[in-house]
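What follows is a set of notes on a single structure, which appears directly below.
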Amino acid sequence: MPSPTSQWQQQSETSQLPSFYSPKTEAQRPTEDDVDVSQPDFSVSVDPAPAKVNSDDAISDAASSVSSLPPSTPLNQPPPDSLLSPAFTPPSTPGTSTPSLLLQEPRGVPVDSSIPTGGCGNKHPRLLETLPQVECIVRARIPTTTGAEMFLHLYTNNMDNKEHLAIVFGNNIRSKSLDAVREGETEMDRLIRGAYTGRLYPGRTTSVDPKHAATGGQEADGQPPLVRIHSECYTGETVWSARCDCGEQLDEAARLMSLPSNKSGGIIIYLRQEGRGIGLGEKLKAYNLQDLGSDTVEANLLLRHPADARSYGLATAMLLDLGQKDVRLLTNNPDKIRAVEGPNREIVVRERVAMVPLSWKGRGGFRAPEVEGYLKTKIEKMGHMLDMGALPK
Ligand SMILES: [Zn+2]
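Under the numbering used here, the first residue of the sequence shown is numbered 1038, with each subsequent residue one higher.
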């Protein structure tokens, strides 16, 4: 009988980590290797012929149309009823798309939460009457394994003791609370806490670089930045869990924000609210209940937690601190739109950009019965705008 240790050794001898492993070990361009058949634990659906012939089309469909069909679906068949996009977008004609679409900006759907038909769902989340107070206490440049660069902003607040984060792509998005001058601080203090413009270099002594004067928060091209509100998921982001798609979504949000074509920058608000706000210990209990037959919503309710205990006031306050009033929100969850906009619509979501699982688009990612059950519950019980019909069989 194999001991757990020998099983682990066997696992770790596998030459390639699953494709959702983060940080990435190599460049981003997806290849057939993204479908990792060497991992017996992930029931990967391989459909080599159409995926190969149409790989660029599949990519372009995915990048340009949230309602697009998987590559294996015949084009003469009507698409499934889409919950994903208020406006139907026909699948693209093969051969008419340019192969570079993986590098193109994602297409957003305009939304307006002030009108009932604005594409923001029917639920009105209960919001705090006033926004929490937040302060960015330090910021640092982080070169990433994909080659992109971002600035990690660490926030404190008056609601909890957690260190919530803003991951900022682009050079012109600035934190007001970080840049504010603190009493008695020296130029070196400002450099150390990241309140500088331009770049640091050995020997630099002043925090203001005249060549990089702050431009007031917005990036150059006038379009609102891409914004993703992401809740910490230790299991999905760090220990390769296939029970949810959080790791993949975080990677994909960062990829979209760091595309060369995205001139408007991007912000991932990373909230430390593990397990929809119930904490890691309770989340692990919920997983055991799921293995006993409950879905993710039922499991939380059995543990006497609300199905979703997260709150987004911190995200609204952090976005305001980062100088943002209008955003393009990366989400499948229509209820997140009003939640992020704040109690008095302090922020306005102009567009919603869908996050389609990579494996649904024939672009790698991973398939597992657990994550498909999880996504099904998100769609059926939590109003997520994803199209189950688009899930490859
Ligand atoms: Zn997760």
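Yeah, the Cβ is synthetic: ideal placement off N, Cα and C, and Gly gets one too.
Given a cut-off of 9 angstroms on the beta-carbon distance, is the pair residue i and residue j in contact?
i, j, result
"residue 1249", "residue 1194", "no"
"residue 1340", "residue 1306", "no"
"residue 1350", "residue 1169", "yes"
"residue 1412", "residue 1389", "no"
"residue 1226", "residue 1234", "no"
"residue 1174", "residue 1230", "yes"
"residue 1314", "residue 1342", "yes"
"residue 1386", "residue 1171", "no"
"residue 1327", "residue 1301", "no"
"residue 1405", "residue 1217", "no"
"residue 1151", "residue 1382", "yes"
"residue 1369", "residue 1393", "yes"
"residue 1241", "residue 1215", "no"
"residue 1333", "residue 1410", "yes"
"residue 1166", "residue 1380", "yes"
"residue 1348", "residue 1376", "yes"
"residue 1331", "residue 1323", "yes"
"residue 1309", "residue 1274", "no"
"residue 1374", "residue 1157", "yes"
"residue 1295", "residue 1223", "no"
"residue 1271", "residue 1311", "yes"
"residue 1282", "residue 1408", "yes"
"residue 1290", "residue 1265", "yes"
"residue 1162", "residue 1363", "no"
Based on DSSP bridge pairs, tell me the residues matched to residue i.
i, result
"residue 1007", "Because the chain is modelled from 1038 through 1430, residue 1007 falls outside the range shown and cannot be assessed."
"residue 1363", "1385"
"residue 1147", "1388"
"residue 1303", "1206, 1263"
"residue 1212", "DSSP lists no partner for residue 1212."
"residue 1244", "Answer is none; residue 1244 lacks a bridge partner."
"residue 1308", "1268"
"residue 1180", "1186"
"residue 1447", "Coverage of the chain is limited to positions 1038 through 1430, which leaves residue 1447 absent and any answer about it impossible."
"residue 1201", "1192"
So is residue i buried or exposed if we call it buried at 16+ other beta carbons inside 10 Å?
i, result
"residue 1304", "buried"
"residue 1414", "buried"
"residue 1096", "In this prediction, residue 1096 scores a pLDDT of 36, lower than 50, which makes its location untrustworthy; the coordinate-derived value is nonetheless stated afterwards. Buried is the call here."
"residue 1201", "buried"
"residue 1359", "buried"
"residue 1219", "exposed"
"residue 1204", "buried"
"residue 1198", "exposed"
"residue 1329", "exposed"
"residue 1285", "buried"
"residue 1299", "buried"
"residue 1262", "buried"
"residue 1159", "exposed"
"residue 1267", "buried"
"residue 1153", "exposed"
"residue 1102", "Note that residue 1102 scores a pLDDT of 38, beneath 50, so its modelled location is shaky and nothing firm can be said."
"residue 1239", "exposed"
"residue 1111", "Since pLDDT at residue 1111 reaches only 44, below the 50 mark, its modelled position is unreliable, and the value read off the structure follows with that caveat. Its Cβ having fewer than 16 others within 10 Å, residue 1111 is exposed."
"residue 1353", "buried"
"residue 1211", "buried"
"residue 1143", "buried"
For this session: Measuring from each Cβ to the nearest heavy atom of ligand 1, keep the ones under 5 angstroms and list them in chain order.
Result: 1270, 1273, 1281, 1283
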